[in-house]
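Data first, discussion second: the structure below is written as structure tokens.
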Amino acid sequence: MNIKQLNILLADDDTDDCIFFKKALDELLLSSHLTVVHDGEQLMHLLINETNESPDVLFLDLNMPRKNGFECLSEIKLSKKLNQLPVIIFSTSFEQEVVNQLFQNGAQYFIRKPSEFSQFKKIIQHSLALIVQENISQPARENFVIAVQNSLFI
Amino acid sequence: MLRQNMIKIKKMDEDELIIALKELACQKEEKEKLLTELIIVNKELVFLKEEKEKRAAELSIANKELAFQNEEKGKRATELGIANKELVFQKEEKGKRATELGIANKELVFQDEEKEKRAAELGIANIELAFQDKEKGKRAAELGIANKELVFQDEEKEKRAAELIIANKELVFQNDEKEKRAAELIIANKELVFQNEEKEKRAEELIIANKELAFQNEEKEKRAAELGIANKELAFQNEEKEKRAEEKEKRAEELGIANKELAFQNEEKEKRAAELIIANKELAFQNEEKEKRAAELIIANKELAFQNEEKEKRAAELIIANKELAFQNEEKEKRAAELIIANKELLAFTYISSHDLQEPLRKIQTFVSIILDNENENLSDTGKYNFQRMQLAAGRMQQLIDDLLAFSRINTTDHKFEKINLSIIIEEVKTELRDTIQEKHATIEATELCSAHIIAFQFRQLMYNLISNALKFSQPDIPSHIIIKSNIVKDSKLNNGKLSPEKSYCHITVKDNGIGFEPHFNERIFEVFQKLHGKDVYAGTGIGLAIVKKIVENHNGIITATSELNKGATFDIYIPTA
């Protein structure tokens, strides 16, 4: 699946979660390049001003300082330059209302951060596979939330 | 020098002289050369002098520049002096700051210790918070009841206030009527008083007229007596004056006629006097009657005045009572509003604290899983076992937080009722539980379903909890079979007592063929944290059915559970249709 190097952007203010993410990527042996930002302002600054290769996918935490994930998602989806960027929401909490709102706002997938590291790895691999395999149009609502057990077919 | 040369010459011989001459010539040449050289040197010197003058000029310029530079250096030196002083001061400051940092470091060490203590305290505080959450749940329920009661009391007070307003209006109307009547009575009284006065005047006049008549009667009697005397005199004179008899007889006859007339007049006057006496008596009687009536009217007036005062007092009391009621209502409304705010705050607190607890917990779990994956060979069997127990405990805490969140979310979210067909809700829940349904080989029969007036997302949660419970507590060897029905009923047919007999209800039944429970647990299963099985047998936090009950209550309905051990369970829900 990984024909070319995947350009991954992670926006998360939590150091531990960034470590988990990086560790998971390293262990998955994917050809990927990870860029990490720690708040929403940094993220938007990077996305708007970066003239280099734009990322293939953005993993976006919701609860971030200065500008939260909700605001970033809205800005990305309203921007002509960025609205094609697949955004995968990566959050600790899972609330139906919030998930519905995110789906409406145009997020590609929703992932609840798993508590097992092996699941953490699986879910990242699965979501990256989905991004590589499928086109970037939004999936149906029932496939919006990626759960660990669905990753069996990878 | 020449003299010395002369001496030398005298002493020398010729050869020597020649040599000396040659030498002289040589010396002369040397001197000429030297002279030439001197001239050159002189020129050179002149040139050098010029050069030196130029140089001197340059030097003077350079000197001036140096002087300027010196001045500058002086200034700079002063500045450096100041800068040095400043540096010295800064150095001192740094020394002080280093000391302070030393102190601060010590303080930090102390704070670290304090933080460790505080962390331990927080552990204790967390346990206490969990207990407080339970207490808060109870308190929230109590507050809910208290709120309802307050609402009921408010309604009662509003009714009473409305009644009082009506009563007040009536009193005001009665007061007006009485005041009118009193005014009429006062006018009637005045008239009576006037009539009395008139009658008294008239009576006085009659008494005067009577007295006059009596006086006239007396006068006439006197006159009659005088006439009698005069008659006798005349009779005597007649006898005496027989001669003048004819004339005197005529006269006598005339007098007889006059007498008769006078007698008649007397009689008439007596009659009239008698009539006047009767009229007087009548007037006196009428006066008495009128006085009695006036006295009665005065009493009636006093009574009316008293009644008016009483009514005014009562009206004033009612106004005060009304004001007090209004004040009490306001107070109750304030209190109710405060309670609502307090409730919301409490629930928001639970929600936020549960929400924020998730993140550190998840990280503990992730780190444990990394240790178990990567350090497997380095861990002893006990170490591994302990980490696994830690994982289980953390997993359970996560479940608890999830359930608590769901429980508090039921209270915090706004209630938006809409009419929805229950089959839509059931289908959504079935999709959500797809995997478990397959795993348990369960069949869900949900064909006879009607529409209901519900809060959609809450009802989805309710059905999810009931169906997932039915799946969880299925018999191990029998495939799970769940039947869901609903229809509209009237309470008069149900004879339940808890529901209003006037209203119609949507009755939903969820029936399974699972392990069921002993009948006496049929109320307890709805309480928070109540479980009938150990958590190693059936996982769970005991919040699911509490959420179900809460949701039914949010819909103003009731839920009952019926079961026997190993004979399945049936849940009956009644919610109002509108």
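Note that the protein sequences, when read in sequence, are chains W and R.
Take 1 as the starting number for the first sequence in this note's numbering and just add one per residue.
Take 1001 as the starting number for the second sequence in this note's numbering and just add one per residue.
Even for Gly, the Cβ is constructed at its ideal location relative to N, Cα and C.
Boundaries (first-last residue) of the alpha helix (DSSP H) holding P1360 of chain R
Per DSSP, the continuous alpha helix (DSSP H) segment holding P1360 of chain R begins and ends at 1245-1374.
Does the separation of the CB atoms of N1217 of chain R and N1259 of chain R fall below 9 Å?
Against a cut-off of 9 Å, the Cβ pair of N1259 of chain R and N1217 of chain R comes out as no contact.
Closest by C-alpha distance to D14 of chain W, when choosing among W:L25, W:I88, W:N105, W:D39
Cα-wise, what sits closest to D14 of chain W is W:D39.
Looking at the secondary structure, which residues open and close the beta strand (DSSP E) in which I1454 of chain R lies?
Its beta strand (DSSP E) spans residues 1451-1455.
Quick one, are the C-beta atoms of L1471 of chain R and L1422 of chain R less than 9 Å apart?
Result no, Cβ atoms of L1471 of chain R and L1422 of chain R do not sit closer than 9 Å.
Close-in-space but distant-in-sequence residues of the same chain around N1487 of chain R (CB under 8 Å, 5 per side omitted)
Excluding its 5 nearest sequence neighbours in each direction, N1487 of chain R has C-beta neighbours in its own chain below 8 Å: E1448, C1450, C1506, H1507, listed in chain order.
Which residues does DSSP list as the beta-bridge partners of I1483 of chain R?
Here I1483 of chain R is bridged, per DSSP, to R:E1445, R:K1511.
State whether the stretch 1261-1279 of chain R contacts the stretch 1179-1188 of chain R, with contact taken as three or more CB pairs (one from each stretch) at a distance under 8 Å.
No, the stretch 1261-1279 of chain R does not touch the stretch 1179-1188 of chain R.
Taking only beta-carbon positions, decide if E1359 of chain R is within less than 9 Å of chain W.
Output row for E1359 of chain R: interface = yes.
Suppose you measure from the CA of S1066 of chain R to the CA of E1050 of chain R; what does that come to, to the nearest Å?
The sequence shown places Leu at residue 1066 of chain R, not Ser. C-alpha separation (whole angstroms): 23 Å.
Does the count of Cβ pairs from the stretch 64-75 of chain W and the stretch 1361-1378 of chain R closer than 8 Å reach three?
The answer is no - the stretch 1361-1378 of chain R does not touch the stretch 64-75 of chain W, with fewer than three Cβ pairs under 8 Å.
Buried versus exposed, by CB contacts within 10 Å (16 or more), H126 of chain W:
Buried is the call here.
Going by alpha carbons, who is nearest to A1284 of chain R out of R:E1197, R:V1046, R:S1563, R:K1416?
Comparing Cα-Cα distances from A1284 of chain R to each of R:E1197, R:V1046, R:S1563, R:K1416, the minimum goes to R:E1197.
Around the C-beta of A1120 of chain R, are 16 or more other C-beta atoms found within 10 angstroms, so that it is buried, or is it exposed?
A1120 of chain R should be labelled exposed.
What residues from chain R crowd round D16 of chain W, counting only those whose CB sits closer than 7 Å?
Close partners of D16 of chain W in chain R (Cβ separation under 7 Å): K1363.
Sorted by chain position, which residues of the same chain lie with C-beta nearer than 6 Å to R1396 of chain R's C-beta, five sequence neighbours on each side aside?
Nothing meets the Cβ criterion.
Leaving out five residues on either side along the sequence, give the residues of the same chain with a beta carbon under 8 Å from the beta carbon of I1558 of chain R.
Annotation for I1558 of chain R: N1496, K1498, L1499, V1552, I1573, Y1574 place their beta carbon closer than 8 Å to its own, counting only its chain and skipping 5 residues before and after.
Would you tell me roughly how many angstroms separate the C-alpha atoms of K1290 of chain R and E1261 of chain R, rounded to the nearest one?
When rounded, the distance between both Cα atoms is 42 Å.
So, are the CB atoms of F94 of chain W and V145 of chain W less than 9 Å apart?
Their beta carbons are under 9 Å apart, which means F94 of chain W touches V145 of chain W by this criterion.
Proximal residues of chain W, C-beta to C-beta of D1373 of chain R below 8 Å:
Within chain W, the residues near D1373 of chain R are F117, S118.
Using a Cβ cut-off of 9 Å (strictly closer), state whether S230 of chain W contacts chain R.
Given a span of 1 to 154 for chain W in the structure shown, any question on residue 230 of chain W remains unanswerable.
What residue from R:R1118, R:N1329, R:E1338 has the CA that sits closest to A1162 of chain R's CA?
For the residues R:R1118, R:N1329, R:E1338, the minimum Cα distance to A1162 of chain R belongs to R:N1329.
Quick check: what's the CA-CA separation for I1127 of chain R versus K1115 of chain R?
Distance between the alpha carbons of I1127 of chain R and K1115 of chain R is about 18 Å.
Taking a Cβ distance cut-off of 9 Å, strictly less, list which residues of the stretch 1419-1430 of chain R are near chain W, in chain order.
Cβ contacts with chain W: none found.
Measuring CA to CA, which of W:S115, W:Q138, W:Q133 is closest to A147 of chain W?
The candidate whose alpha carbon is nearest that of A147 of chain W is W:S115.
Residues in the stretch 14-45 of chain W with C-beta within 7 Å of chain R's C-beta atoms, listed in sequence order?
Here the close residues are D16, F20.
Within the chosen definition, does the stretch 1356-1375 of chain R reach the stretch 1170-1181 of chain R through at least 3 CB pairs nearer than 8 Å?
With the cut-off at 8 Å, the stretch 1356-1375 of chain R and the stretch 1170-1181 of chain R do not touch.
So if DSSP puts K1419 of chain R in a beta bridge, which residue, or which two residues, is it bridged to?
Answer is R:H1453.
Please report how far the alpha carbon of K1091 of chain R lies from the alpha carbon of K1075 of chain R, in whole angstroms.
Cα-Cα distance, rounded: 24 Å.
Can you list the beta strand (DSSP E) stretches of 3 or more residues lying completely in the stretch 1535-1568 of chain R, in chain order?
Correct list: 1558-1563.
Check the DSSP bridge columns for F1571 of chain R and list the partner residues they point to.
According to DSSP, F1571 of chain R shares a beta bridge with R:V1510, R:A1561.
Determine, using beta-carbon pairs with one atom in the stretch 1437-1445 of chain R and one in the stretch 1465-1485 of chain R, whether at least three such pairs fall under 8 Å.
Touching, yes, given that three or more Cβ pairs across the two stretches are closer than 8 Å.
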